[in-house]
Every structure is written in structure tokens, then in C-alpha cells.
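Take a look at the structure set out below.
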Amino acid sequence: MSEFLNFHFDVDGDNFVSAGQASVQMKKNMRQLGLSPEIIRKVSIAMYEGEINMVIHAHGGAADVNVYEDRIEIILDDKGPGIKDIDLAMQEGYSTANDHVRALGFGAGMGLPNMKRYTDDTQIETVVGEGTKITMIVYLG
Amino acid sequence: MTAESLAAKHGFKVLAMPDPDRTVKGCYIGDLLSWVMGRARQDNAWITIMSNINIAAVAALSDVSLVILAEDVQPDENVLNTAKAKNVNIVCSPLPAYETAVRITSDV
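Pasting the structure below:
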């Protein structure tokens, strides 16, 4: 395996006040690494959507970002309820978020679609009742 | 036009201006955060009536240059402290979102 930098974040569940902290920190890290603004934007948006999903649906989880020479890999792992119907969840506008979450401006049904749109590859492994692991890749250059 | 100049020209109340020289280009209006994340462009002014803490993170991550809270919406102190820490400019407009956008259109 080639050399890579790992950034690990624990995402606090049900805490909408600090939601996005991991993504904001990762954005700073990417700036320090000198990555291009476009790459930083893509990774930040995809990671934020994943982070918010973990807060809304899964009581938190773990986010790992691995920076390789040619790509950035974002791995989001939670022990939440899993996704019952991935095809439905991938549709723009579909959301199972509750009214409280919607009142905060979330629950637009754009989380997974945005993650797919802003990354070059998105893999979702999910087991209902056990959890979800999402692996996203953004290629550099 | 810079964020600071735009606010001054149109009489928007400055709530947080940690990055006054940031150039504002274009505008996006929206309140659903994922929608804004996906559609707003870098350096846009983002006009919204959403005023909770999450707007600071969304503004920082989507690289908008200025958040304009329409209809005199007031965020709490926590939002402004977070915005300052994240280098996010926030101002407040007494006008509705559409009228705010119309007013700034020739400057952005």
C-alpha cells in the first residue's frame, strides 16, 4: 500500500450545534496541504453531507479521510439503523428526516445525491439494524 | 465588490465581518442547507432566512463570500462567534430575499 496521510474524526451524534466540525477541520487540513480549491470544495461538501447524515440518522459515527498521492478517500462508518432502500435514498428530494431536523434546514433529500455528485466514486455498504459504511473517492489532478 | 463595500453601499447591518476584503461574485438564494451546499458557487453572496448555527459551517464549506440574512432575521450570539472563528462574513438586510438580490445584482 502506498503512503498516505490519515485524518480521523469522531462525529458526535444528535449534536446539531457542532455538526460540521469534522468537515470544517478537514477543510483547514486540506488548505495546509496545498490542495486545489476545487478539490477542497468537493471533499468538504461530500464529507459534510456524510457527517450530517450520521448526526441526523445514526447517532454519530467515525469519519476517516485518507490523502494519497493521487486521490482522497473519505470513509464514513456508523452503527445506525442502516438504509432500507438505497435507490430511494439516492433520489434528490427523498428524505426520512423529522420535522425538527427539517426546521434546522436539513432534510432536503440531497445528502446522498450531493455525495455522489461531488466525488468520483461512492460505495455504500449498509445493513438494516447494523449500520452503514460509505466510501467516497475524489481523484486529484 | 468587496463584502464590506457591498454592505456599506446597501446599508446592510454588519453582524460579523472577519474577512471584509473578500470579493462577492454572484448570488444564491436558499434555505435548505444541502441545496445551498450543492448549488451555491464559490464567492457568491448567500441570501437566506435560516439563522441557526449551521449556516456558519455551510458558508465556510461552500466558500460563499458573504451571508445576507433577509427580512431582518437575527442570529444568536453563538452563530456570530462561530462565524468569526470560521472567517464567515454575515450581514442583515431588512428586505425580503428577492428584493435584496435585486438590489445587489449590479454589484456582484
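Note that the protein sequences, when read in sequence, are chains A and B. When you number the first sequence by the working numbering, it's gap-free, plus one each residue, and the end is 141. When you number the second sequence by the working numbering, it's gap-free, plus one each residue, and the end is 1108. We treat Cβ as the ideally placed atom computed from N, Cα and C, and that holds for glycine.
GLU69/A and VAL138/A have their C-alpha atoms roughly 11 angstroms apart. Put simply, the CB of ASP1031/B is near chain A, with a gap under 7 angstroms to one of its CB atoms. Under a 10 Å Cβ-count criterion, ASP78/A is classified as buried, with 16 or more other Cβ atoms of the shown protein chains found around its own Cβ. Close to ALA108/A, with beta-carbon spacing below 8 angstroms, are these residues of chain B in chain order: LEU1032, LEU1033, SER1034 and TRP1035.
The beta carbon of GLY1038/B falls within 7 angstroms of a beta carbon belonging to chain A, placing the residue at that interface. In the three-state DSSP reduction, LYS1009/B falls in the helix class (H, G or I). SER1106/B places its beta carbon 7 angstroms or farther from that of VAL1073/B. For LEU1061/B, a Cβ of chain A is located within less than 7 angstroms of the residue's own Cβ. Close partners of ILE45/A in chain B (Cβ separation under 8 angstroms): MET1037, GLY1038, LEU1061 and SER1062. With a cutoff of 7 angstroms on beta-carbon distance, ALA1070/B and THR1100/B are scored as near each other.
Just so you know, the alpha carbons of GLN21/A and GLY13/A end up roughly 12 angstroms apart. Check the Cα spacing between LYS1086/B and each of LEU1066/B, ALA1057/B, LEU1095/B and TYR1098/B: the tightest is with ALA1057/B. Going by beta carbons, CYS1092/B and LYS1013/B fall inside the 7 angstroms limit. Taken in chain order, the members of the segment 92 to 120 of chain A whose beta-carbon sits within less than 7 angstroms of a beta-carbon on chain B are LEU104, GLY105, PHE106, ALA108, MET110, GLY111, ASN114 and ARG117.
Judged by their CB atoms, TYR48/A and SER18/A are not nearer to each other than the 7 angstroms cut-off. Put simply, the segment 84 to 95 of chain A does not touch the segment 27 to 40 of chain A. Fewer than three CB pairs are less than 8 angstroms apart. Between SER36/A and chain B, the shortest Cβ-Cβ separation is not below 7 angstroms. Counting only Cβ-Cβ distances below 8 angstroms, ALA1057/B has contacts in chain A at ALA19, GLY20, GLN21, SER23, VAL24 and TYR48, in chain order. The Cβ atoms of ASN114/A and GLY1038/B lie closer than 7 angstroms to each other. Residue pairing of VAL127/A in beta bridges, as defined by DSSP: GLY131/A.
For LEU1033/B, the CB contacts under 8 angstroms within the same chain, skipping 5 residues up- and downstream, are MET1050, ASN1054, ILE1055 and VAL1058 in chain order.
Annotated three-state conformation of ARG1022/B is coil, per DSSP. Relative to the Cα of ARG1103/B, the nearest Cα in the group CYS1027/B, THR1023/B and TRP1035/B belongs to CYS1027/B. Classified as exposed, TYR1098/B has fewer than 16 neighbouring CB atoms from the shown chains inside 10 Å of its CB.
Minimum Cα-Cα distance from MET136/A among the listed residues ASP120/A, ASN29/A and GLU130/A corresponds to ASP120/A. Under the Cβ criterion of 7 angstroms, ILE1053/B is counted among the residues facing chain A. Cβ-Cβ separation between PHE9/A and ALA63/A: approximately 4 angstroms, consistent with a contact (criterion under 8 angstroms).
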